[in-house]
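Residue numbers (this note's numbering): 270 to 886. Only one structure is covered here, and it is reproduced in the block below.
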């Protein structure tokens with residue numbers, strides 16, 4: 270009996286050993302299989318390293334050595350408890366994100382924006398494309414190699430500059446175009462770990478995002494509505510001599526002596542030419558700007574100088590090279606510039622077909638966390654003395670609730686979806702065809718050599734464009750209204766320019782959005798613009814009398830368009846066309862900025878909004 274028991278125990282031990290061996294072997298095979306089949310996951314975080322954070326700020330005066338200061342943000346102070354949560358930005362009112370999402374539902378059905386007027390300029394995000402960045406550098410998107418910087422237009426990448434810039438893109442951007450995963454780090458900064466998609470197709474990623482559906486979007490939106498955003502401060506947290514300088518400038522502008530006579534500017538074009546000139550002069554005399562050096566290229570510090578998003582790029586280029594307004598010491602600045610490209614943000618982080626832009630918004634939020642942790646200026650005013658310039662259609666959404674107390678210069682100047690007149694700035698959308706010569710083909714025929722009554726050619730973007738073509742395409746010989754198919758046949762891009770140069774009125778209808786590069790193009794080619802876009806705020810609206818050089822038609826009056834234009838007498842048209850020629854100087858990009866040009870007009874609008882919103886402690 271004992272012998273049987275011993276044999277049974279030996280048998281069990283033998284079988285147990287074999288079972289353990291088999292299980293170990295299976296586990297090893299599984300691990301090897303996973304190692305070779307699952308995509309690699311490189312995690313990136315844009316959070317500011319906690320070891321480099323400044324100490325909490327307690328005092329009321331401002332020192333130049335920010336690294337040794339303490340700083341209070343709301344109730345908790347930065348690093349007052351290195352193990353506890355810290356909110357670097359102020360708590361805001363709870364954002365109405367549901368209405369924000371509903372407003373853009375229609376736009377999300379169209380990932381491409383209104384790419385202007387050449388009819389064949391659409392840039393498919395799934396295909397290869399090139400963007401001229403200026404300085405003889407081209408940003409190229411290649412399906413096999415991702416983003417590449419190419420020097421001198423060559424496909425060779427043997428120069429040190431091209432290799433270095435390509436490495437930045439590979440390391441900092443391509444890995445970000447995957448599935449969004451949001452975590453809260455121990456020190457309270459939201460980091461954005463993003464799965465690499467180097468071994469997954471974009472279609473797979475889009476499928477995964479679609480499977481997650483509204484639940485994932487709702488989760489990400491809830492993170493954006495958490496205690497991570499700046500509050501609107503009635504007054505700055507501590508006083509500044511620079512605030513008092515701006516307040517003094519405001520009083521001087523308001524008390525200026527009114528005069529209608531001016532040798533440089535045509536007074537009827539302006540709401541109040543005396544106040545404008547005094548404000549402009551005070552800007553030249555007073556304004557100092559600090560540009561944050563933080564942020565990696567190409568999303569930050571990399572201007573696009575060609576195409577319909579060139580406005581943000583030209584402003585960035587000219588701002589960063591300006592010696593008159595810039596200061597190296599941020600404590601000497603009245604305003605702070607956040608130099609990012611909304612177009613490159615989209616190209617770098619948006620997953621085509623995903624219909625989800627939350628990760629772009631979170632990327633900007635992390636940037637704000639970084640500068641708010643490193644510098645005291647954002648938290649002093651809640652961001653009201655910070656500004657940005659962004660021309661992509663999605664910029665208003667991307668900056669909503671995280672930068673919406675800052676001064677936002679936006680091409681999408683639509684009052685119905687969040688643009689705020691008096692705080693935001695309407696950024697002119699400009700289609701720059703030649704970065705080396707932005708003034709190429711400037712001008713047009715005189716008023717009496719423009720045989721065409723009205724001209725439009727463009728894509729059918731949005732329902733209103735469809736109505737425009739329905740009413741006027743091929744309906745009247747005086748109304749040269751073309752859709753894509755009717756304009757392409759046998760015509761070149763120069764034909765588009767010649768139509769603008771030889772038409773009395775150039776139609777600037779809304780597309781998916783209210784803004785269009787046709788508005789500035791009309792002025793460029795000295796054609797009277799006809800704006801048909803309800804709720805659109807034209808550029809420099811606070812300064813210019815738009816009725817003196819344009820025609821504004823309500824969308825409901827589209828069927829009466831020709832009747833309205835014919836009701837304008839010849840003498841009235843001559844005055845409008847002269848107004849276009851006089852105001853043209855304010856809408857021109859110059860490689861070397863000159864007084865009253867487009868760069869200075871944008872900067873003046875930013876300055877003026879700060880002047881009239883300044884509050885002191």
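C-beta: ideal position from N, C-alpha, C; glycine also.
- Across the set 565, 613, 528, the C-alpha of 528 shows the shortest separation from the C-alpha of residue 546.
- Under the three-state reduction of DSSP output, residue 808 falls in the coil class, being neither helix nor strand.
- Collapsing the DSSP output to three states places residue 604 in a strand.
- The straight-line gap separating the alpha-carbon atoms of residue 653 and residue 624 is approximately 31 angstroms.
- DSSP places residue 292 within a helical segment (H, G or I) once states are collapsed to three.
- In terms of Cα proximity to residue 609, the closest of 843, 658, 701, 648 is 658.
- Taking 8 angstroms as the cut-off, the Cβ atoms of residue 640 and residue 581 do not count as close.
- Judged by DSSP in its simplified three-state form, residue 582 adopts helix.
- With 16 or more other CB atoms across the displayed protein chains lying within 10 angstroms of its CB, residue 699 is buried.
- Per the DSSP secondary-structure output, residue 694 pairs in a beta bridge with 678.
- In this structure, residue 867 keeps its C-beta atom at 8 angstroms or more from the C-beta atom of residue 723.
- Cβ-Cβ separation between residue 882 and residue 692: approximately 6 angstroms, consistent with a contact (criterion under 8 angstroms).
- The region 825 to 845 makes no contact with the region 548 to 563: fewer than 3 CB pairs, one atom from each, lie closer than 8 angstroms.
- Check the Cα spacing between residue 813 and each of 832, 852, 519: the tightest is with 852.
- The DSSP-derived three-state label of residue 750 is strand.
- For residue 573, the closest C-alpha among the options 544, 650, 532, 703 is that of 703.
- Per DSSP, residue 701 lies in no alpha helix (DSSP H) and is assigned neither H nor E.
- Beyond the five residues adjoining it in sequence on each side, residue 774 comes within less than 6 angstroms, by CB distance, of 723, 797, 799, 834 in the same chain, given in chain order.
- With respect to residue 614, residue 632 sits close: the two C-beta atoms are nearer than 8 angstroms.
- In this structure, the alpha-carbon of residue 593 lies about 25 angstroms from that of residue 531.
- In the DSSP annotation of this structure, the continuous segment of the alpha helix (DSSP H) that includes residue 851 starts and ends at 839 to 852.
- Going by beta carbons, residue 725 and residue 807 fall outside the 8 angstroms limit.
- Inclusion of residue 606 and residue 588 in the CB contact set at 8 angstroms is warranted, their separation being smaller than that value.
- Residue pairing of residue 657 in beta bridges, as defined by DSSP: 677.
- With respect to the 8 angstroms criterion, residue 827 and residue 740 are classified as neighbours on the basis of their beta carbons.
- 8 angstroms or more divides the Cβ of residue 878 from the Cβ of residue 671.
- If you compare the alpha carbons of 551, 504, 816 with that of residue 517, the shortest gap goes to 551.
- Judged by DSSP in its simplified three-state form, residue 766 adopts helix.
- Counting along the chain, the unbroken beta strand (DSSP E) around residue 723 starts and ends at 721 to 726.
- In the DSSP annotation of this structure, the continuous segment of the beta strand (DSSP E) that includes residue 772 starts and ends at 772 to 778.
- Between residue 596 and residue 557, the beta carbon gap of about 5 angstroms places them in contact (Cβ cut-off 8 angstroms).
- The Cβ atoms of residue 731 and residue 780 lie closer than 8 angstroms to each other.
- Comparing alpha-carbon positions, the option among 714, 553, 655, 766 lying closest to residue 599 turns out to be 655.
- The alpha-carbon of residue 521 is positioned some 29 angstroms away from that of residue 818.
- If one requires a minimum length of 3 residues, the beta strand (DSSP E) runs lying completely within the region 522 to 606 are 558 to 560, 604 to 606, in chain order.
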